[in-house]
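Report on one structure; see the data block that follows.
There are 2 protein chains.
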Amino acid sequence: MRRGRHGRGRELLQPTLLLIMLQGPAHGYELMERLKEFSLGDIDPSLIYRALHHLEAEGIVTSAWDEKDSQGPPRRVYHLTQDGREMLAQHLEEMKKIRQRIDDWIQAYEHHMQASEELTNKPKNEE
Amino acid sequence: MRRGRHGRGRELLQPTLLLIMLQGPAHGYELMERLKEFSLGDIDPSLIYRALHHLEAEGIVTSAWDEKDSQGPPRRVYHLTQDGREMLAQHLEEMKKIRQRIDDWIQAYEHHMQASEELTNKPKNEE
DNA sequence: TTCTCTATTGACATTATGCATATAGTCTGC
DNA sequence: GCAGACTATATGCATAATGTCAATAGAGAA
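As given, the protein sequences belong to chains A and B, one line each in that order. The first sequence begins at 7 in the working numbering and counts up one residue at a time. The second sequence begins at 7 in the working numbering and counts up one residue at a time.
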């Protein structure tokens, strides 16, 4: 299975991990699976665990070994801190800005393409 | 002037440089100025020049010293290659995907917030 | 000549990414 | 019981990308 090839969507990893945790505590493997819901499957597991360690070091999440039975080795369960909730609110604002930039980009691109297509189709001055 | 702090919008740098060049050849300083049109002012100049060198090494753009007068030191003028135009078309597809993911993210976040707000405002079972 | 703006580049440190791999528990079927 | 698949987390290492800072230098204005 080819995974994580190139930086596609990697900038959405952290915000999306937090968003899933907003819906409730989760362990790494589960987060990895649920990223598929956001078209972010295909990310190498090591990147997810590394992101989680990083978030914990920043105080955005906390973690503890799960006391309940696992279907494998013990799980480390992560949940949001208050800082994490605030971070999410900041992410929302950031997301809106990025979306606006992307919209501007797409519009500028398509506008240019449309204009140059018209030039190609009407080389002589029609009206 | 604080510049380039953190990865804000940095993922849009390359596509946006190419988009501006699609509208016509341009030199680095000019590109840097025109990035403001896409809310990408505030990027350190060295990042822009580095991106341009990288694009040239990849054959996405070519460059030459400008023969015309500068209002300062000589300018290096960049223009798109055919590969660059194809790259732009790929960027368009990528942009649309990212845009979709961001929409999904925002919708999930706001949906959760709305749901939890309702729980807060109606703790007893009203209908 | 000094200051600001124009213009490009390089050095250096830090951080992120990609990929491979180690470790190990559980579960299913044989 | 053991092989193989799935669950679960973590580390090491090489390379790529970023951030910061500063060097260099021409042109134009005061």
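Positions of the beta carbon are idealized from the N, C-alpha and C atoms, including for glycine. Values in this document were obtained by computation on a predicted structure and should not be read as measured data.
Hey, how far is the Cα of A:G78 from the Cα of A:F44?
-> 25 angstroms
Can you tell me where the beta strand (DSSP E) with B:S122 in it begins and where it stops?
-> Element bounds for B:S122: not the beta strand (DSSP E) but the alpha helix (DSSP H), 88-127.
Starting from A:S52, follow the beta strand (DSSP E) in both directions and report where the run begins and ends.
-> Where A:S52 is concerned, there is no enclosing beta strand (DSSP E), although the alpha helix (DSSP H) it sits in stretches over 51-63.
How should B:E17 be labelled, buried or exposed, when 16 other C-beta atoms within 10 angstroms of its C-beta is the threshold for buried?
-> buried
Local conformation of A:L25 per DSSP, three classes = helix
Quick one, which of B:E64, B:L46, B:M38 has its alpha-carbon nearest B:E92's?
-> B:E64
Please name the residue in A:G47, A:L125, A:W71, A:A114 whose C-alpha comes closest to that of B:L41.
-> A:A114
Terminal residues of the alpha helix (DSSP H) in which B:R40 lies = 34-40
With contact counted as at least three CB pairs below 8 angstroms, one residue from each stretch, are the segment 44-55 of chain B and the segment 115-126 of chain B in contact?
-> no
Contact check, A:P21 vs A:H85 under 8 angstroms by CB: the rounded distance?
-> The Cβ separation is near 16 angstroms, so there is no contact.
When you check each C-beta in the segment 22-48 of chain B against every C-beta of chain A, which residues fall closer than 7 angstroms?
-> T22, L25, L28, Q29, F44, S45
What did DSSP end up calling A:R16 once you bin it into helix, strand or coil?
-> helix
Should B:A63 be flagged as near chain A, meaning a C-beta pair shorter than 8 angstroms?
-> no
Does B:G15 have its Cβ less than 8 angstroms from a Cβ in chain A?
-> yes
Going along chain B in order, which residues have a C-beta closer than 8 angstroms to the C-beta of A:R105?
-> R105, I108, D109, I112
For A:H60 and chain B, any beta-carbon pair shorter than 8 angstroms?
-> no
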